[in-house]
Amino acid sequence: MTQETPVVPVTLDLREFRDVPRSTDACVSLWERLEPAVLTLDPQAGPRVRFDLGDEGEVGVWFLDPASAPRPLGATTRFAIRGVLEAPEIRHACTTCLTAHTTTYAPYKCPGCDEGRRTGRACEEHAVFLEGSLRASCLGHTPVCRCGARAKVWCGGPKCRTRTAWCETHLRRHPGDPTVAYCEDCYAERFPACEHEHCTGSGYIRCEHRTLSGMKPCGRRICTEHARRWQVYGSYNRGLALCTPHHLRLSSTPPEGLIDLILAGTVARSSRGRSATRRRAQLPRISIVRHILINTRRAVLDMEAIDLLFTTLEQGLRGRTPRDTNLSTALDLLSRHRVSRREDVERFREQHVEGRGHYDRLVQELRRGGRYELAEAVEFSDFRPRSGILFVRVPERLQGLFRGKGGSSVRQLEQRVGVKIQVERG
């Protein structure tokens with residue numbers, strides 16, 4: 009059995025060779041020039057050798073496994089070129105350096121150097137970065153402001169989105185972070201001025217005043233100090249944000265108009281959807297609406313009258329055409345609201361009976377004390393069984409007399425009647 013001749017693996021070091029072969033044939037041709045000299049070597053004596061090829065430079069031959077190479081090497085020795093080392097080539101050269109006849113690696117692209125074939129490049133020395141973005145440019149193509157001055161910052165505001173650069177003159181610094189700047193338009197959008205006169209605060213809040221006939225909100229910008237929250241969803245939920253003019257108009261808006269505003273605001277909030285921290289918007293119970301009307305208009309309506317306001321509004325909306333998304337949402341809210349309205353009306357009737365008993369005892373106590381004018385003027389308003397509070401209406405001119413000095417008269421009446429007594433604002 010004939011033993012197979014071992015193969016001697018080598019690597020060619022062409023880093024100092026000027027005419028690097030670019031094909032297999034050229035590489036084989038170079039090896040044929042080197043092989044006669046290689047055969048005279050002892051791989052174990054020196055695993056790396058170099059050959060001087062004159063003007064062409066030098067070529068190195070590395071024996072990768074000298075111990076396994078036959079001794080001596082001969083004409084039948086087979087070689088295998090396992091690798092080739094070449095001098096590093098700068099494929100991305102700095103455009104600016106090339107004009108000075110030097111070649112420098114350029115890791116950054118410069119859009120301004122684009123000559124139509126591929127984007128130009130900038131090296132570490134010639135790369136220019138502006139605040140607000142990691143986008144680079146060369147010295148000759150540093151972005152300029154619209155006024156022609158050299159730009160300092162890429163504006164990252166809602167309109168520019170780091171697409172436009174501005175000089176320091178046309179920038180406004182973030183009020184809480186001077187390292188961040190915006191152009192005038194983006195600053196006005198990001199930190200809008202409060203609509204309140206002479207206010208320097210930012211109007212982060214938009215007025216939510218809207219009606220069902222026109223769902224577009226007022227939109228005036230208000231700061232947190234001057235925003236007026238109309239608490240229509242209870243004390244634990246954010247009320248509708250209103251600007252000063254619309255908040256002042258509430259007291260002169262009729263009850264049906266207030267119901268329309270509440271429904272329109274709830275429709276708008278429903279369209280925002282739900283999240284882990286935000287529940288689906290619902291209309292407030294009419295027990296809450298009753299006190300909204302008292303606090304807003306000083307109008308005291310019973311539950312049946314308030315229920316009729318919602319019923320009348322729903323009937324009017326069902327006759328409207330065409331039925332868009334807002335109208336459908338409003339009708340859905342009113343439909344789901346019916347159940348709680350029936351519950352509140354029934355509860356009000358039951359409480360009304362109990363409350364009337366406390367009210368009759370109050371009138372008797374006033375008459376027993378000789379306070380006949382108050383006994384004739386005081387009216388029943390509401391009764392809260394859980395908290396034991398009797399709400400009554402008293403003409404404004406008699407409220408001081410009814411309460412007494414420091415509320416002493418009311419406290420005496422509470423002891424005799426057996427419940428807390430509170431005068432309605434309306």
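Residue numbers (this note's numbering): 9 to 434. By construction, the Cβ of each residue, glycine as well, lies at the ideal position given by its N, Cα and C atoms.
Inset, instruction - Note down the Cα distance separating T104 from R30, rounded to an integer number of angstroms. - result: Translated into positions along the sequence shown, residue 104 becomes position 96. Translated into positions along the sequence shown, residue 30 becomes position 22. Cα to Cα, T104 sits roughly 30 Å from R30.
Inset, instruction - List the endpoints of the continuous beta strand (DSSP E) containing F388. - result: Start at 1 with the first residue of the sequence shown, and residue 388 comes out as number 380. Taken as a continuous stretch (DSSP letters only), the beta strand (DSSP E) holding F388 covers 387-392.
Inset, instruction - Kindly indicate if chain C contains any beta-carbon less than 8 Å away from that of D33. - result: Here there is only one protein chain, and chain C is not present.
Legend entry - Rounded C-alpha distance that separates C207 from E264: Here residue 207 corresponds to residue number 199 of the sequence shown, with the count starting at 1. Here residue 264 corresponds to residue number 256 of the sequence shown, with the count starting at 1. Their Cα atoms are separated by approximately 34 Å.
Inset, instruction - Sort C153, S141, A114 by Cα distance to A135 and report the nearest one. - result: Residue mapping note: residue 135 aligns to position 127 of the sequence shown, counting from 1. Here the closest residue by C-alpha is A114.
Inset, instruction - Have a look at G91, C102, A45, H360 and flag the residue whose alpha-carbon is nearest the alpha-carbon of T19. - result: What you label residue 19 is simply residue 11 of the sequence shown in a count that begins at 1. Comparing Cα positions, the closest option is G91.
Inset, instruction - Evaluate contact between the segment 339-350 and the segment 315-324, counting only Cβ atoms and requiring at least three cross-stretch pairs below 8 Å. - result: yes
Inset, instruction - Quick one: give me the first and last residue of the beta strand (DSSP E) that L38 is part of. - result: Residue mapping note: residue 38 aligns to position 30 of the sequence shown, counting from 1. Here L38 belongs to no beta strand (DSSP E); instead the alpha helix (DSSP H) covers 32-46.
Inset, instruction - Taking 8 Å as the cut-off, decide whether the C-beta atoms of A173 and L142 are in contact. - result: Here residue 173 refers to the residue found at position 165 of the sequence shown. Here residue 142 refers to the residue found at position 134 of the sequence shown. No, these two residues do not count as a Cβ contact at 8 Å.
Inset, instruction - Could you name each continuous alpha helix (DSSP H) segment of 4 residues or more that falls completely within the segment 208-261, going from the start of the chain to the end? - result: 252-257
Inset, instruction - Compute the Euclidean distance between the alpha carbons of I89 and R26, then round it to the nearest angstrom. - result: Numbered from its first residue, the sequence shown carries residue 89 at position 81. Numbered from its first residue, the sequence shown carries residue 26 at position 18. When rounded, the distance between both Cα atoms is 19 Å.
Legend entry - Residue range of the alpha helix (DSSP H) that includes T19: Counted from its first residue, the sequence shown places residue 19 at position 11. Unbroken run through T19 is the beta strand (DSSP E), 15-21; no alpha helix (DSSP H).
Legend entry - Completely contained alpha helix (DSSP H) runs for the segment 335-413, where each covers 4 or more residues: 380-385, 407-411
Inset, instruction - For F71, name the three-state secondary structure that DSSP assigns. - result: Within the sequence shown, the letter at position 63 stands for residue 71. In this structure, F71 counts as strand in the three-state DSSP scheme.
Legend entry - Any alpha helix (DSSP H) of 4 or more consecutive residues that is wholly inside the segment 46-107: As summarised for the segment 46-107, the continuous alpha helix (DSSP H) elements at least 4 residues long and confined to that stretch are 103-107, given in chain order.
Legend entry - Per DSSP, cross-strand counterpart(s) of L179: Against the sequence shown, residue 179 aligns to sequence position 171. L179 pairs with C191.
Inset, instruction - Measure the beta-carbon distance from D33 to V67 and round it to whole angstroms, keeping in mind my assumption that it falls under 8 Å. - result: Indexing the sequence shown from 1 puts residue 33 at position 25. Indexing the sequence shown from 1 puts residue 67 at position 59. The Cβ separation is near 17 Å, so there is no contact.
Legend entry - Inter-residue spacing [alpha-carbon to alpha-carbon] between A276 and I294: Position 268 of the sequence shown, counted from the start, is the residue given in the question as residue 276. Position 286 of the sequence shown, counted from the start, is the residue given in the question as residue 294. Answer to the nearest angstrom: the Cα atoms are 20 Å apart.
Legend entry - Same chain, Cβ closer than 8 Å to Q430, five either side skipped, listed in chain order: Translated into the one-based positions of the sequence shown, residue 430 becomes position 422. These residues qualify, in order along the chain: I397, L398, F399, V400.
Inset, instruction - Starting from the C-beta of D73, find all residues in its chain whose C-beta is less than 7 Å away, skip the five residues before and the five after it, and write them out in chain order. - result: Counting from one through the sequence shown, the residue named residue 73 turns up at place 65. P17.
Inset, instruction - Indicate the three-state DSSP secondary structure (helix, strand or coil) for R158 in the structure shown. - result: Position 150 of the sequence shown, counted from the first residue, corresponds to residue 158. DSSP places R158 in strand when its eight states are reduced to three.
Inset, instruction - Answer yes or no: the CB of A338 versus the heavy atoms of the ligand SAH, is any distance below 7 Å? - result: With respect to the ligand SAH, the structure shown offers nothing to examine, as it has no ligands at all.
Legend entry - Sequence-distant residues of the same chain with beta carbon closer than 8 Å to E64, five excluded per side: Within the sequence shown, the letter at position 56 stands for residue 64. Excluding positions up to five away in sequence, the list reads F25, R26, D27.
Legend entry - Contact set for G4: own chain, Cβ-Cβ below 8 Å, skip 5 residues either direction: With the chain represented from 9 up to 434, any question about residue 4 goes unanswered, as that position is not in the structure.
Legend entry - Cβ neighbour criterion (16 or more within 10 Å) applied to G415: Numbered from its first residue, the sequence shown carries residue 415 at position 407. The residue is exposed, with fewer than 16 neighbouring Cβ atoms inside 10 Å.
Inset, instruction - Classify L342 as buried or exposed, calling it buried when 16 or more other Cβ atoms lie within 10 Å of its own Cβ. - result: In the sequence shown, residue 342 corresponds to position 334, counting from 1. In this structure L342 is buried. Its beta-carbon is surrounded by 16 or more other beta-carbon atoms within 10 angstroms.
Inset, instruction - Give the secondary structure of E432 by DSSP, where H, G and I count as helix, E and B as strand, and everything else as coil. - result: The residue you call residue 432 lines up with position 424 of the sequence shown. E432 falls in the coil class under three-state DSSP.
Inset, instruction - Return the chain-ordered list of same chain residues with a C-beta closer than 7 Å to the C-beta of S417, the five sequence neighbours on each side being excluded. - result: On the sequence shown, residue 417 is found 409 positions in, with the first residue counted as 1. Around S417: F410, R411.
Inset, instruction - Quick one: give me the first and last residue of the alpha helix (DSSP H) that A313 is part of. - result: Translated into positions along the sequence shown, residue 313 becomes position 305. Start and end: 311-326.
Legend entry - Contact check, R41 vs E94, beta carbons under 8 Å: Taking the sequence shown and counting its residues from 1, one reaches residue 41 at position 33. Taking the sequence shown and counting its residues from 1, one reaches residue 94 at position 86. The answer is no: Cβ separation not under 8 Å.
Inset, instruction - For the segment 248-255 and the segment 187-196, state whether three or more C-beta atom pairs, one from each stretch, are separated by less than 8 Å. - result: no
Legend entry - As assigned by DSSP and simplified to three states, the class of E422: For this step, residue 422 is matched to residue 414 along the sequence shown. The answer is helix: DSSP assigns E422 an H, G or I state.
Inset, instruction - Would you mind stating whether R218 and G148 have Cβ atoms separated by less than 8 Å? - result: Numbered from its first residue, the sequence shown carries residue 218 at position 210. Numbered from its first residue, the sequence shown carries residue 148 at position 140. Their beta carbons are not under 8 Å apart, which means R218 does not touch G148 by this criterion.
Inset, instruction - Go ahead and pull the three-state DSSP assignment for V136. - result: As a working mapping, residue 136 is identified with position 128 in the sequence shown. Here V136 sits in strand by DSSP.
Inset, instruction - Let me know the secondary structure DSSP gives S145 once reduced to three states. - result: Locating residue 145 in the sequence shown gives position 137, counting from the first residue. Reduced to three states, the DSSP call for S145 is strand.
Inset, instruction - Classify E205 as helix, strand or coil using the three-state DSSP reduction. - result: Here the question's residue 205 lines up with position 197 in the sequence shown. Of the three classes helix, strand and coil, the one that applies to E205 here is coil, per DSSP.
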